[in-house]
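In the working numbering, the protein residues as written are 881 to 1218.
Data first, discussion second: the structure below is written as structure tokens.
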């Protein structure tokens, strides 16, 4: 994929009323726009991913795969508030000359989509053939399909919801509590090491998988051991892995954006918002997903006129949307071929 960055000089007003003085957007693309500029597949990424979608969604993009660059122009933009090139807590606050850090203003899913729309207009894209994403990416796709219904031809939200659940918000708050317990985080300091981030990621993993997954993949062959458990080392490893690549202030900020998901806000309620979607829609649920249970995708399909719902069997819980590429591709191919 080709990496690009666009800088917009105009003020960017957030849903909260706060204003960012300018905006940078990092994005990756592959394939070529056709003459009518309507062969676009726009993929919205999840919480800690980035715009290099081939790196985190293997088996979905490439020659002969579902999203073939010989057929489509495929684009993914890093989300507002992240730490992979788009304006976020690591960006310089012109008022202070220092990185925003924990002082970065609160953002919502609507704000993320507003940034995508700016990029779309800059690239002169007049139609999106397929708009998709999982988890936080699916929230963005839904918001976009509501805010610009005539633009989207096919909408494919995966393992996501139309309104944040108390269950999901509780998981996010638990992670924020772990971050807030870190003294460096409280002081607004980040040196590249964050105990709070490691703990937050450990909590997140419990929501991304499930008990059956852990019982099978993290069971110790010696049932009589009294320490050095496989599940312990796995949690520590995953925490350290994210700590090395993600900014804790961005993680905190984006977790609150997840909580903000409510398509009905300012739109006379959720039913009215979903009913306004005109795109041909396929909602996909993952059977073992604890964080975004299949009932949430069934609700989406049930409220959008003519929408379909399909379920993918997976052992891996919420992470199934990243792992079950073959099964997801099969469902989408059947959907877009009709």
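Every residue, glycine too, gets a C-beta built ideally from N, C-alpha and C.
In three-state terms, what does DSSP make of residue i?
i	result
residue 981	helix
residue 925	coil
residue 1197	helix
residue 1176	helix
residue 1290	Outside the displayed range of the chain (881 to 1218) lies residue 1290, so it cannot be described from this structure.
residue 996	helix
residue 920	strand
residue 975	coil
residue 1060	helix
residue 1026	helix
residue 1151	helix
residue 1125	coil
residue 964	coil
residue 1002	helix
residue 1161	strand
residue 883	strand
residue 1145	coil
residue 1069	coil
Going by the CB atoms, is the gap between residue j and residue i shorter than 9 Å?
i	j	result
residue 1183	residue 1155	yes
residue 1087	residue 1171	yes
residue 1019	residue 1141	yes
residue 934	residue 881	yes
residue 1043	residue 927	no
residue 1188	residue 1161	yes
residue 1181	residue 1163	yes
residue 1132	residue 1065	yes
With burial defined as no fewer than 16 other Cβ atoms inside 10 Å of the residue's Cβ, what is the status of residue i: buried or exposed?
i	result
residue 1038	buried
residue 1139	buried
residue 1081	buried
residue 1125	exposed
residue 991	buried
residue 1120	exposed
residue 1026	buried
residue 925	buried
Between the alpha carbons of residue i and residue j, how many angstroms are there, rounded?
i	j	result
residue 988	residue 1090	28 Å
residue 968	residue 1130	7 Å
residue 975	residue 899	12 Å
residue 1115	residue 936	20 Å
residue 1046	residue 889	38 Å
residue 886	residue 1104	57 Å
residue 962	residue 1096	33 Å
residue 894	residue 1099	46 Å
residue 1191	residue 1204	11 Å
residue 993	residue 1127	21 Å
residue 902	residue 1107	52 Å
residue 1149	residue 1049	20 Å
residue 996	residue 915	22 Å
- Message: Is it the case that the region 943-955 contacts the region 895-910, given that we only count it when at least three CB pairs across the two stretches are under 8 Å?
- Response: yes
- Query: Pairing CB atoms from the region 1073-1081 with CB atoms from the region 1050-1064, are three or more of them under 8 Å?
  - Reply: With the cut-off at 8 Å, the region 1073-1081 and the region 1050-1064 touch.
- Determine contact between the region 910-927 and the region 1004-1021, defined as no fewer than three beta-carbon pairs at a distance below 8 Å. yes
- Query: With contact counted as at least three CB pairs below 8 Å, one residue from each stretch, are the region 1187-1199 and the region 1158-1176 in contact?
  - Reply: yes
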